[in-house]
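Asks:
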Amino acid sequence: MKVFKDSAIYLAGELSSKLVPFLLLPYLSRKLGVEGYGSLSYYQTFLSLFLIVVSLTQEGAISRYFYFYGKRSLNLVVNTGYAYTTIIGSIILIGCWIAQSEILFYAALSSIFQSFLNVQLSVRQCQKKAWSYAFIQFSLTVTGAVFTVALLEYYQNDLVEKRILAILLSNLVVWFFSYFLYRKNAKSKKYQFKHYQSALFYILGFGLPLILHYASFFLKGQLDRIFYLSQIQ
Numbered sequence: 008m009k010v011f012k013d014s015a016i017y018l019a020g021e022l023s024s025k026l027v028p029f030l031l032l033p034y035l036s037r038k039l040g041v042e043g044y045g046s047l048s049y050y051q052t053f054l055s056l057f058l059i060v061v062s063l064t065q066e067g068a069i070s071r072y073f074y075f076y077g078k079r080s081l082n083l084v085v086n087t088g089y090a091y092t093t094i095i096g097s098i099i100l101i102g103c104w105i106a107q108s109e110i111l112f113y114a115a116l117s118s119i120f121q122s123f124l125n126v127q128l129s130v131r132q133c134q135k136k137a138w139s140y141a142f143i144q145f146s147l148t149v150t151g152a153v154f155t156v157a158l159l160e161y162y163q164n165d166l167v168e169k170r171i172l173a174i175l176l177s178n179l180v181v182w183f184f185s186y187f188l189y190r191k192n193a194k195s196k197k198y199q200f201k202h203y204q205s206a207l208f209y210i211l212g213f214g215l216p217l218i219l220h221y222a223s224f225f226l227k228g229q230l231d232r233i234f235y236l237s238q239i240q
């Protein structure tokens, strides 16, 4: 019975994460207009691309590590993955700064915190904390909607940028609290440099072969959108 109960909770969390953005669509269409909504899709495509690069499917690596090796050194893999995301994300942020694109900077920063948050969701799922998983999903969608409405009602210009900023703020706030709770329950342990090195090789070994797989899906479904919208703009 517990399996069915947990499955129902996970399903409810996933549905809530899809339902609120769906209900937000008419509002976004009205506030942004046709051209603005097209621009939003354009920059969200970049967000998806950045996420592939900075995350390297760490959530999958976390799940595999947990089920193969247990939770004893799980924190080592989590923190090593966060370090990788921070370094690669910083390189992307520098590129956005050189390009002088504030909206791409927000998109890149949002992808970093979304990667952090995906890892926290994966940890909750591995530990069978269904309620915690669903609460994070629900909190993310609600805060995203609240920040979006607040920013789009307060500002009159650059509304597409404000929507990306709302996504960033939502990812940041929810990740901060979820990571705080994770650190509170995780056992603190000191590791040597070689342990972090092994964890990094594990993440790279798991993620690099899959990045081509995810990149192919991205190219198939998103590249034409980038090309088309860039020509319009």
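For the sequence shown, our numbering assigns the number 8 to the initial residue and increments by one for each residue that follows. Virtual Cβ for every residue (Gly too), placed ideally from N, Cα, C.
(1) Can you say whether TYR250 is buried or exposed, counting buried as having 16 or more other CB atoms within 10 angstroms of its CB?
(2) Distance, Cα to Cα, ILE110 vs ILE171?
(3) Is it the case that the Cβ atoms of LEU176 and LYS38 are separated by a distance below 9 angstroms?
(4) In terms of residue numbering, what span does the alpha helix (DSSP H) encompassing ARG131 cover?
(5) Check the C-beta distance from VAL126 over to GLY88 and give it rounded, since I have them as a contact under 8 angstroms.
(6) In chain order, what residues of the same chain lie with their CB nearer than 8 angstroms to the CB of SER70, ignoring the 5 residues before and after it?
(7) By a C-beta neighbour count over all protein chains shown, 10 Å radius and 16 as the cutoff for buried, is THR64 buried or exposed?
(8) What number of angstroms, rounded off, separates the C-alpha of TYR44 from the C-alpha of GLN199?
(9) Taking the beta carbon of SER14 as the centre, do at least 16 other beta carbons fall within 10 Å, making it buried, or is it exposed?
(10) Since I believe THR150 is in contact with VAL180 (beta carbons under 8 angstroms), could you give me their beta-carbon distance rounded to a whole number of angstroms?
(11) Let me make sure I understand the geometry here. Which of ASN192, ALA157, ASN82 and ALA141 has the alpha-carbon closest to that of HIS202?
(12) Which residue from ILE101, TRP182 and PHE112 puts its Cα closest to that of PHE142?
(13) State the Cα-Cα distance for the pair PHE145 and ILE174, rounded to the nearest angstrom.
(14) Are the CB atoms of ILE210 and ALA68 within a distance shorter than 9 angstroms?
(15) Mind checking whether GLY96 and SER122 have CB atoms under 9 angstroms apart?
(16) Whose C-alpha, out of ALA19, ILE119, ILE59 and SER46, is nearest the C-alpha of LEU217?
(17) LEU18: buried (16+ other C-beta within 10 angstroms of its C-beta) or exposed?
(18) Considering only the alpha carbon of each residue, which of GLY102, LEU47 and ARG79 lies closest to SER36?
(19) The alpha helix (DSSP H) with SER139 in it runs from where to where?
(20) Using 10 angstroms around the beta-carbon of ILE119, count the other beta-carbons present and answer buried if the total reaches 16, otherwise exposed.
(21) Classify GLN204 as helix, strand or coil using the three-state DSSP reduction.
(22) Quick check on LEU47 - is its C-beta less than 9 angstroms from some C-beta in chain C?
Replies: In this structure, then:
(1) A question about residue 250 goes unanswered here, because the residues of the chain that appear run from 8 up to 240.
(2) 7 angstroms
(3) no
(4) 109-133
(5) The Cβ separation is near 6 angstroms, so the contact holds.
(6) SER129, GLN132 and CYS133
(7) buried
(8) A direct Cα-Cα distance of roughly 49 angstroms separates TYR44 from GLN199.
(9) exposed
(10) 6 angstroms
(11) ASN82
(12) Of the listed residues, the one whose Cα sits closest to PHE142 is TRP182.
(13) CA-CA distance, PHE145 to ILE174, rounds to 14 angstroms.
(14) yes
(15) yes
(16) ILE59
(17) It counts as exposed.
(18) LEU47
(19) 137-161 is the extent of the alpha helix (DSSP H) around SER139.
(20) buried
(21) helix
(22) Within the model displayed, chain C is absent; a lone protein chain is all it includes.
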